[in-house]
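A quick write-up on the structure given underneath.
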Amino acid sequence: MNLAMAIDSADSDSKTPETPPNTWKQVLEENGSRFQLYARQQARNDADAQDILQEALVKAWRASGGEERLEVGFVYTYIRRTAIDWGRSHERRQKREQKSLRDSIWSQPTPTVWFERTLETDERHRQIEAAIQQLPEEQQEVLVLKIWADLTFDTIARTLEASPNTVASRYRYGLQNLKRILSPQQES
Amino acid sequence: MSDPFEQSLPEDLKDLERSLSNLKPEGLDSVSKGRFSSAIIHADAEPPTEEASATQEIDDSPSIRTRIAWGAWGSLAAAVSLAVGLNLGNRPESSSLSAEVAVDGTSAEIFSPSKIPADATALATQSELKQVVDEGIILTESSSRMRQVRTLYTDTVSWTDPVTEARLQMSYDREELFLIPIDAI
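Protein chains in written order, with the working numbering: chain G, 63 to 250; chain Y, 16 to 200.
Spelled out as structure tokens, the structure:
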């Protein structure tokens with residue numbers, strides 16, 4: 063199936079009349095943890111992730127028409143764009159204040175918890191989070207959007223402004239790399 | 016729905032995919048949910064404008080506030096109390112003091128204390144800080160980021176009429192909104 067057909071197909075799915083309207087409250091309730099995970103993947107620390115997510119939600123809500131609706135896809139798109147803006151702003155600020163910030167905690171990314179943990183799974187989840195964070199950024203975000211946000215490659219492609227085939231390849235490479243990183247840990 | 020761009024993965028990667036999908040993203044805590052909901056609600060009620068600029072305090076006169084928003088603050092509705100025994104009807108309406116109360120567009124009503132005696136003397140004013148809410152980051156129309164901090168005060172003003180010696184006390188809630196540019200932090 064070519065790209066145009068895929069987009070047509072996705073659009074026709076989204077216009078299914080039986081689909082109930084997504085109020086922003088419902089969307090936030092059902093997808094909040096997914097949004098948060100993606101924001102954390104995009105941000106340098108948890109505080110930034112929260113601010114980015116808030117800003118993205120408001121932008122996405124406005125882009126959805128500014129009433130009750132909130133389009134899920136818009137939220138991911140705006141999380142990414144907002145994170146890029148924040149990254150640029152952070153770089154500018156860091157350059158201005160490089161000397162004083164050099165050794166401060168603010169210049170360093172702080173680890174965030176991505177997944178629910180229990181006593182039994184804590185160590186394993188920590189390993190997986192660390193392994194994912196070792197992947198190239200572009201592979202990380204595709205994994206997050208595909209596995210935990212449950213988006214199709216076509217939707218991910220639109221979110222990331224890349225081709226679906228590129229996105230699918232990044233996904234595959236991401237899984238391969240992740241397996242390679244995790245394998246020695248599993249053996250040990 | 017099957018993904019048209021889904022590639023056939025080798026079995027070992029499918030296993031990895033399955034085990035990864037068993038991980039649940041950490042949920043949003045109630046504080047974050049409240050914060051995000053509040054951001055959308057306030058974005059709805061108060062679309063930011065370009066007028067918001069450097070450390071701007073909106074409607075921040077230290078004197079008596081002329082506009083009190085109380086639609087969204089229903090539970091914090093302005094309380095106006097008048098002392099018993101003051102014959103307001105016979106007084107000249109020359110006071111410069113004017114308070115417009117209720118500005119949510121649906122249930123606006125005008126409280127005009129223009130009937131306060133012209134020669135009434137203010138005895139005391141009191142301002143009590145009731146609440147400070149950090150509402151997080153907002154975007155202005157010019158796409159600059161501001162941190163929005165909302166504060167709620169209760170102001171109380173007392174007057175006395177030198178002729179009748181009657182006293183009047185008025186108290187009401189006052190809301191201030193601070194927009195602090197992020198780059199200034």
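Glycine included, C-beta positions come from ideal geometry on N, C-alpha and C.
Excluding five sequence neighbours on each side, which residues of the same chain lie with their C-beta closer than 7 Å to the C-beta of ALA193 (chain G)? Here residue 193 (chain G) is taken as the residue at index 131 of the first sequence, counted from 1. Closer than 7 Å at Cβ, skipping near neighbours: LEU240, ILE243 and LEU244.
I think GLU32 (chain Y) touches LEU24 (chain Y), with their Cβ atoms under 8 Å apart; what is that distance to the nearest whole Å? If you number the second sequence from 1, residue 32 (chain Y) lands on position 17. If you number the second sequence from 1, residue 24 (chain Y) lands on position 9. With a Cβ gap of about 7 Å, GLU32 (chain Y) and LEU24 (chain Y) count as contacting.
So, TRP174 (chain Y) versus THR140 (chain Y), is the Cβ gap smaller than 8 Å? Your numbering for residue 174 (chain Y) matches position 159 in the second sequence. Your numbering for residue 140 (chain Y) matches position 125 in the second sequence. No, they are not a contact pair.
Which bits of chain G does ILE152 (chain Y) rub up against, with CB to CB less than 8 Å? As a first step, residue 152 (chain Y) must be located in the second sequence, where it is residue number 137. Correct list: ASP113, GLN116 and GLU117.
Using a Cβ-Cβ distance cut-off of 8 Å, determine whether GLU65 (chain Y) contacts chain G. Residue numbering aside, residue 65 (chain Y) sits at position 50 when the second sequence is read from its first letter. For GLU65 (chain Y), the predicted model reports a pLDDT of 39, less than 50, meaning its position is unreliable and no value from the coordinates is stated.
Bridge-paired residues (DSSP) for THR85 (chain G): By one-based count along the first sequence, residue 85 (chain G) stands at place 23. DSSP, once it has assigned bridges, lists G:ARG131 as partnering THR85 (chain G).
Using alpha carbons as the reference points, say which of G:GLU129, G:ARG186 and G:ARG96 lies closest to ILE56 (chain Y). On the second sequence, residue 56 (chain Y) is found 41 positions in, with the first residue counted as 1. Put simply, of G:GLU129, G:ARG186 and G:ARG96 the residue whose alpha carbon is nearest the alpha carbon of ILE56 (chain Y) is G:GLU129.
Note the first and the last residue of the continuous beta strand (DSSP E) segment covering VAL172 (chain Y). Residue 172 (chain Y) sits at position 157 when you count from the first residue of the second sequence. For VAL172 (chain Y), the enclosing beta strand (DSSP E) covers residues 160–175.
Going straight from the alpha carbon of ASP44 (chain Y) to that of ARG232 (chain G), what length do you get? Within the second sequence, residue 44 (chain Y) is the residue found at index 29, counting from 1. Within the first sequence, residue 232 (chain G) is the residue found at index 170, counting from 1. In this structure, the alpha-carbon of ASP44 (chain Y) lies about 31 Å from that of ARG232 (chain G).
Would ILE55 (chain Y) pass as an interface residue toward chain G - the criterion being a Cβ-Cβ separation below 8 Å? Taking the first residue of the second sequence as 1, we reach residue 55 (chain Y) at position 40. Judged by the 8 Å Cβ criterion, ILE55 (chain Y) is in contact with chain G.
Quick check: is the beta carbon of PHE215 (chain G) nearer than 8 Å to any beta carbon in chain Y? As a first step, residue 215 (chain G) is located in the first sequence; it is residue number 153 there, counting from the start. It does: the Cβ of PHE215 (chain G) has a partner Cβ on chain Y nearer than 8 Å.
To the nearest angstrom, how far is it from the Cα of ASP188 (chain Y) to the Cα of GLU191 (chain G)? Taking the first residue of the second sequence as position 1, residue 188 (chain Y) is located at position 173. Taking the first residue of the first sequence as position 1, residue 191 (chain G) is located at position 129. Going by the C-alpha atoms only, they are around 48 Å apart.
Could you tell me how far apart the beta carbons of ARG96 (chain G) and TRP210 (chain G) are, in whole angstroms, since I believe they sit closer than 8 Å? Here residue 96 (chain G) is taken as the residue at index 34 of the first sequence, counted from 1. Here residue 210 (chain G) is taken as the residue at index 148 of the first sequence, counted from 1. That pair is a contact at about 6 Å.
Just checking: is the beta-carbon of PRO40 (chain Y) within a distance shorter than 8 Å of some beta-carbon in chain G? Looking up residue 40 (chain Y) in the second sequence gives position 25. Cβ-Cβ to chain G under 8 Å: yes for PRO40 (chain Y).
According to DSSP, simplified to helix, strand and coil, what is TRP229 (chain G)? In the first sequence, the residue the question calls residue 229 (chain G) occupies position 167. Note that residue 229 (chain G) is Val in the sequence shown, not Trp. DSSP places VAL229 (chain G) in helix when its eight states are reduced to three.
With 16 as the cutoff for other CB atoms within 10 Å, does ASN93 (chain G) come out buried or exposed? Here residue 93 (chain G) is taken as the residue at index 31 of the first sequence, counted from 1. That one is buried.
For ASP188 (chain Y), return the contacting residues in chain G, with the cut-off set at a CB-CB distance below 8 Å. Here the question's residue 188 (chain Y) lines up with position 173 in the second sequence. Listed along the chain, the chain G residues whose CB falls inside 8 Å of the CB of ASP188 (chain Y) amount to none; the nearest CB is some 26 Å away.
Can you give me the C-alpha to C-alpha distance between ALA111 (chain G) and PRO246 (chain G), rounded to a whole angstrom? Taking the first sequence and counting its residues from 1, the one referred to as residue 111 (chain G) is at position 49. Taking the first sequence and counting its residues from 1, the one referred to as residue 246 (chain G) is at position 184. In a straight line, the C-alpha of ALA111 (chain G) is about 31 Å away from that of PRO246 (chain G).
Taking all protein chains shown into account, decide if GLN146 (chain Y) is buried (16 or more other Cβ within 10 angstroms of its Cβ) or exposed. What you label residue 146 (chain Y) is simply residue 131 of the second sequence in a count that begins at 1. Counting the other Cβ atoms within 10 Å of the Cβ of GLN146 (chain Y) gives fewer than 16, which makes it exposed.
For ARG179 (chain G), which residues from the same chain have a beta carbon less than 6 Å from its beta carbon, with the 5 sequence-adjacent residues on both sides left out? On the first sequence, residue 179 (chain G) is found 117 positions in, with the first residue counted as 1. Its chain contains HIS187 as the residues whose beta carbon lies nearer than 6 Å to that of ARG179 (chain G), once the 5 sequence neighbours on both sides are disregarded; these appear in chain order.
Leaving out the 5 sequence neighbours to the left and right, which residues in its chain are closer than 6 Å to THR174 (chain G) when beta-carbon positions are compared? Here residue 174 (chain G) refers to the residue found at position 112 when the first sequence is read from its first residue. ARG102 and ASP108, listed in sequence order.
Buried or exposed: where does ARG150 (chain G) fall if 16 or more other Cβ atoms within 10 Å of its Cβ makes it buried? Sequence index remark: in the first sequence, residue 150 (chain G) carries index 88 (1-based). In summary, ARG150 (chain G) is exposed, with fewer than 16 beta-carbon neighbours lying within 10 Å of its beta-carbon over all protein chains present.
When you compare the CB positions of GLU117 (chain G) and LEU154 (chain Y), do they come within less than 8 Å of one another, or not? Numbered from its first residue, the first sequence carries residue 117 (chain G) at position 55. Numbered from its first residue, the second sequence carries residue 154 (chain Y) at position 139. Contact: yes.
List the residues of chain G whose Cβ lies closer than 8 Å to the Cβ of PHE51 (chain Y), in chain order. Residue numbering aside, residue 51 (chain Y) sits at position 36 when the second sequence is read from its first letter. Ordered by position in chain G, the residues that pass the 8 Å Cβ test against PHE51 (chain Y) are LEU90, GLY94, LEU115, GLN116 and LEU119.
Please compile the residues from chain Y whose C-beta is within a distance smaller than 7 Å of the C-beta of GLN104 (chain G). Within the first sequence, the letter at position 42 stands for residue 104 (chain G). Those within 7 Å of GLN104 (chain G) in chain Y number zero; the least Cβ separation is about 14 Å.
DSSP state of THR60 (chain G) mapped onto helix, strand, coil: With chain G covering 63 to 250 only, the question about residue 60 (chain G) has no answer from this structure.
Could you have a look at SER126 (chain G) and say whether DSSP puts it in helix, strand or coil? Position 64 of the first sequence, counted from the first residue, corresponds to residue 126 (chain G). For SER126 (chain G), the three-state secondary structure derived from DSSP is coil.
For chain Y, find out if any of its Cβ atoms is closer than 8 Å to the Cβ of ILE190 (chain G); answer yes or no. The residue you call residue 190 (chain G) lines up with position 128 of the first sequence. Nearest CB-CB separation between ILE190 (chain G) and chain Y: below the 8 Å threshold.
Would you kindly work out how many angstroms separate the C-alpha atoms of GLN184 (chain Y) and ALA125 (chain G), rounded to a whole number? Numbered from 1 along the second sequence, position 169 holds the residue referred to as residue 184 (chain Y). Numbered from 1 along the first sequence, position 63 holds the residue referred to as residue 125 (chain G). Cα to Cα, the separation comes out at about 47 Å.
By how many angstroms is the C-alpha of TYR138 (chain G) removed from the C-alpha of THR221 (chain G)? Here residue 221 (chain G) is taken as the residue at index 159 of the first sequence, counted from 1. Here residue 138 (chain G) is taken as the residue at index 76 of the first sequence, counted from 1. Cα-Cα distance, rounded: 7 Å.
Neighbour flag for ARG160 (chain Y) against chain G, beta carbons, 8 Å: Translated into the one-based positions of the second sequence, residue 160 (chain Y) becomes position 145. Judged by the 8 Å Cβ criterion, ARG160 (chain Y) is in contact with chain G.
Considering only the alpha carbon of each residue, which of G:TYR140, G:LEU115 and G:TYR235 lies closest to GLU223 (chain G)? For the purposes of this step, residue 223 (chain G) is identified with residue 161 of the first sequence, where counting begins at 1. If we check each option's Cα against that of GLU223 (chain G), G:TYR140 comes out closest.
Endpoints, alpha helix (DSSP H) assigned at SER34 (chain Y): Start at 1 with the first residue of the second sequence, and residue 34 (chain Y) comes out as number 19. Residue range 26–36 is occupied by the alpha helix (DSSP H) that includes SER34 (chain Y).
Does any residue of chain Y bring its CB to less than 8 Å from the CB of LEU240 (chain G)? To locate residue 240 (chain G), count along the first sequence from 1; it is residue 178. Taking Cβ atoms only, chain Y reaches closer than 8 Å to LEU240 (chain G), which makes this a yes.
So with CB distances below 7 Å, who are the chain Y contacts of PHE177 (chain G)? Counting from 1 along the first sequence, the entry for residue 177 (chain G) is found at position 115. By Cβ distance, chain Y contributes LEU38, LYS39, PRO40 and GLU41.
Using only CA atoms, which one of G:LEU99, G:LYS87, G:PHE136 and G:TYR100 lies nearest to GLY49 (chain Y)? If you number the second sequence from 1, residue 49 (chain Y) lands on position 34. Per the Cα distances, G:LYS87.
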